[in-house]
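See structure below.
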Amino acid sequence: MSEDESQIIAGFSKLNKRDKIKWIAKNFLYANPIEVLNEFAGFWHDNIESQKLLDGFSENTIANFPVPFGIAPNFKINGKVFAVPMVTEESSVVAAASNAAKFWLSRGGFKSTVLSTIKIGQVHLVYKGDKDKFITFFKAIKQDLIKGVATITAKMEARGGGVKDLELIDFSQIEPGYFQVRGYFETVDSMGANFINSCLEEFGILLNEMLAESPIFTPQEKDIEIVMCILSNYTPDCIVRCEVSCGVEELGTFDDGKMSGAEFAEKFRRAVRIAQIDPYRATTHNKGIMNGIDSVVLATGNDFRAVESCAHTYASRDGQYRSLSDCTVENGIFTFGLSMPLAIGTVGGLTSLHPLAKRSLELLGNPNASQLMEVIAAVGLAQNFAALRSLTTVGIQKGHMKMHLTNILAQFQATDAEAEKAKAYFDDKTISVSSVRDYLETLRK
Ligand code: MEV
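Going from the sequence shown to the numbering used here is simple: count from 1 and add 296.
Dropping the structure here:
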């Protein structure tokens with residue numbers, strides 16, 4: 297599309313919702329503005345207050361974008377059964393999670409443990425004065441820096457959190473003058489982004505002030521540039537581990553009895569091993585885990601981009617991208633586990649503002665952040681189990697295409713009666729867009 301003056305606008309945000317839609321209809325969709333308006337308006341919430349709330353979460357909103365909210369029941373996690381809310385647009389994700397949950401329900405369920413909950417923030421700065429003096433100075437003022445943010449941390453400390461430590465890291469060999477103050481934070485039940493960023497910005501101001509007041513530096517040595525203060529979404533010390541385990545014979549048989557539990561366990565173990573060796577497979581393998589993780593993160597109003605970016609950095613922590621899950625078959629015992637960072641919260645942010653996020657948390661028994669980490673990890677592991685079970689037995693397409701059939705039928709606007717007939721017809725046939733289209737055409741003749 298070539299650049300066109302009419303496509304550039306000043307003050308788009310000032311237009312009301314209707315005018316925004318009409319403007320995009322005219323200048324980008326080249327469609328009847330009223331028709332486009334009606335289409336978008338069809339997705340507005342009936343309740344004006346609810347719509348106002350949703351609009352407030354973002355900017356320049358013209359409508360809502362509905363994504364299915366599903367439930368995966370029968371999740372036994374640490375001895376307690378959950379019906380887990382999952383928000384995803386991908387067919388078969390909720391079905392697969394539910395399936396795996398049911399499978400493990402009678403085999404001891406999922407055992408999840410939070411190993412650590414520390415989050416990280418950084419003040420990136422440039423200091424080109426006397427390096428050794430600066431390092432000594434930092435050690436001397438570290439506690440004062442922490443005390444200096446007391447007004448910000450008071451409430452968090454009352455809840456058991458706060459600034460746990462600060463360290464100065466010297467990167468000046470790589471980038472002239474570059475140092476980093478790395479802060480370690482406990483944010484208890486909140487994801488803690490605002491808390492961490494507020495502390496970091498204050499550390500930046502305090503560093504400047506303390507350096508200016510310090511008698512040990514000459515005036516020329518007092519020059520410091522605070523480049524930026526921001527949390528790190530990489531949280532390798534905010535880790536949850538979830539496991540399932542049982543005797544190989546307890547796994548049952550697979551592929552209509554053609555594969556024993558022991559054979560399945562070994563093939564499954566090898567599939568996980570492949571994802572530990574090969575980054576191409578690891579990416580798809582971890583994508584399967586994230587199918588489950590993201591859908592619960594989203595349903596509970598958490599930041600799935602933060603969780604995603606962190607998970608993938610963690611998966612490459614030894615320099616190569618690898619599987620987040622692991623599997624052993626030892627002395628007849630099959631153990632499948634997932635260890636991953638999950639920086640999420642159950643207070644603050646959208647968790648209580650979004651009515652459905654609030655409901656999701658209620659459904660999970662209003663967990664604290666650690667308990668929610670345990671549930672989310674279990675769903676990620678279940679999702680990975682379901683995918684690998686299909687891949688190593690009947691193949692992924694059988695189940696996938698069955699679910700996909702529903703989407704294809706919707707695409708061709710099949711009636712309920714047509715859909716029912718199509719589902720019966722395709723039960724033992726290969727499903728593709730063209731085969732469904734041909735079938736419907738024949739049916740409609
Ligand atoms: C599809 O969304 C996810 C899978 O590709 C995961 C995997 O291959 O392990 C099925």
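Built from N, CA and C at the ideal position, the CB exists for glycine as well.
Per DSSP, reduced to three states, the secondary structure at ALA674 is helical. Contact between LEU660 and LEU668 holds, since their C-beta atoms are separated by about 7 Å, short of 8 Å. Sequence-distant partners of VAL332 (beyond 5 residues in either direction) whose C-beta falls short of 7 Å from its own C-beta, in its chain, are ILE317, ALA321, LEU325.
For LYS415 and THR689, the gap between their C-alpha atoms comes out near 40 Å.
Here PRO637 carries a strand assignment [DSSP, helix/strand/coil]. For CYS495, the three-state secondary structure derived from DSSP is helix. Taking a cut-off of 8 Å for Cβ pairs, the stretch 608 to 627 and the stretch 688 to 702 do not touch, as fewer than three such pairs fall below it. The alpha carbon of GLN303 has as its nearest neighbour, out of LYS310, ASN323, ALA436, ASP315, the alpha carbon of ASN323.
Taking C-beta atoms as the reference points, GLY444 and GLU509 fail to come closer than 8 Å.
Rounded to the nearest whole angstrom, the C-alpha separation of ASP622 and ARG478 is 31 Å. A contact between stretches requires three or more CB pairs, one per stretch, nearer than 8 Å, and the stretch 393 to 407 fails this requirement with the stretch 525 to 536.
DSSP places HIS650 in the coil class of the three-state scheme, outside both helix and strand.
Shortest gap from the CB of GLU386 to any heavy atom of the ligand MEV: under 7 Å. For MET487, there is no enclosing beta strand (DSSP E), since its DSSP letter is neither H nor E. Classified as exposed, ASP461 has fewer than 16 neighbouring CB atoms from the shown chains inside 10 Å of its CB. Annotation: HIS341 is outside any beta strand (DSSP E) and is labelled neither H nor E by DSSP. Of the candidates LYS694, LEU684, ILE672, GLN709, ILE672 places its Cα closest to the Cα of VAL383.
A buried status is given to ASN582, since no fewer than 16 other beta-carbon atoms sit within 10 Å of its beta-carbon. For GLY456 and VAL422, the gap between their C-alpha atoms comes out near 33 Å. Put simply, the backbone Cα of GLU355 is about 8 Å away from that of SER309.
For ILE704, the enclosing alpha helix (DSSP H) stretches over residues 693 to 707. The criterion of a C-beta distance shorter than 8 Å is not satisfied by GLU714 and LEU684. The continuous stretches of beta strand (DSSP E) do not include GLN516, and DSSP gives it neither H nor E. Looking at the DSSP output, ASP466 shares a beta bridge with PHE475.
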